[in-house]
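Novice: With the working numbering applied, the sequence shown closes on residue 163, and no number is skipped along the way. Ideal placement from N, C-alpha and C gives every residue a C-beta, glycine not left out.
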Amino acid sequence: MRKQLVVVVLGLIAFGFATTSDANTYIVGDSSGWDISTNLDTWEQGKKFVVGDVLVFQYASTDSVCEVGQESFRTCNTTNVIKCSSDGNTSIPLSSPGERYFFCGNRLYCYSGMKLDVIVERNQSALAEAPLSGVVPQAESGGSKNNNPSTIVPSGVVSLCEKSNLILMGLLGFWGILISIV
């Protein structure tokens, strides 16, 4: 009987983790990856990026991914970058709302379309915790991107701002300890 209770409690804890994980991991370009032959405009269509999501850039060792500002993005200016990576597998967490800009450090590839801009919106849990002031928070910048994700991979990342979910997890853990003692 005691083993069954432990299994039930562990199952409830696992379920709690699954319900608190609302962030997604996007593999940029899906199976094609971050590559000059990938149509990144098509890949991005229908996706909604929110705070807590992660972009994963997978690419050849001859390529790179650089985060830049809007003007550098527009002109493929490689001299004023925020951060560049060339490890072939770069994960970039989307930690705040707004527009983010990425391109390949090879300027010719950038001119050929190997660049990506994403609009990061506030996640729903942040909206739920916002004070009720009569003003509905909006995304930092507009855009024509849809809200229909196609290929996303659950990341298992728990957002720390989800206080109610963290409280639920704490209660489940406390309940599990009490049951295992009895």
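Using DSSP with H/G/I as helix, E/B as strand and the rest coil, what is Cys91?
Specialist: In the structure shown, Cys91 sits in a helix (DSSP, three-state: H, G or I).
Novice: Tell me the start and end of each unbroken beta strand (DSSP E) in the region -4 to 68 that is at least 3 residues and wholly inside, in chain order.
Specialist: The qualifying runs are 5 to 8, 35 to 39, 46 to 49 and 62 to 66.
Novice: Give the range of the beta strand (DSSP E) segment to which Asn70 is assigned.
Specialist: Counting along the chain, the beta strand (DSSP E) containing Asn70 begins and ends at Asn70 to Pro74.
Novice: Excluding the 5 residues preceding and the 5 following Gly10 in the sequence, name in chain order all residues of the same chain whose CB lies nearer than 7 Å to its CB.
Specialist: The residues are Asp16, Thr19, Leu21 and Trp24.
Novice: Under a Cβ-count criterion, where at least 16 other Cβ atoms within 10 Å of its own Cβ denotes burial, should Asp68 be classed as buried or exposed?
Specialist: Label assigned to Asp68: exposed.
Novice: Got a sec? Which residues, its chain only, sit under 8 Å from Lys96 by beta carbon, not counting five neighbours each side?
Specialist: Closer than 8 Å at the Cβ level, and outside the excluded window around Lys96, lie Leu21, Phe54, Cys57, Tyr82, Phe83, Phe84 and Cys85.
Novice: Taking the CB atoms as reference points, tell me whether Val31 and Ile8 lie closer together than 8 Å.
Specialist: No, Cβ-Cβ distance for Val31 and Ile8 is not below 8 Å.
Novice: Got a sec? Which residues, its chain only, sit under 6 Å from Ile73 by beta carbon, not counting five neighbours each side?
Specialist: Only Leu36 meet the Cβ criterion.
Novice: May I have the straight-line CA-CA distance separating Thr60 from Gly14, to the nearest angstrom?
Specialist: Rounded to the nearest angstrom, the two C-alpha atoms are 25 Å apart.
Novice: Going by beta-carbon coordinates alone, are Glu102 and Lys29 separated by less than 8 Å?
Specialist: A contact, by the Cβ cut-off of 8 Å.
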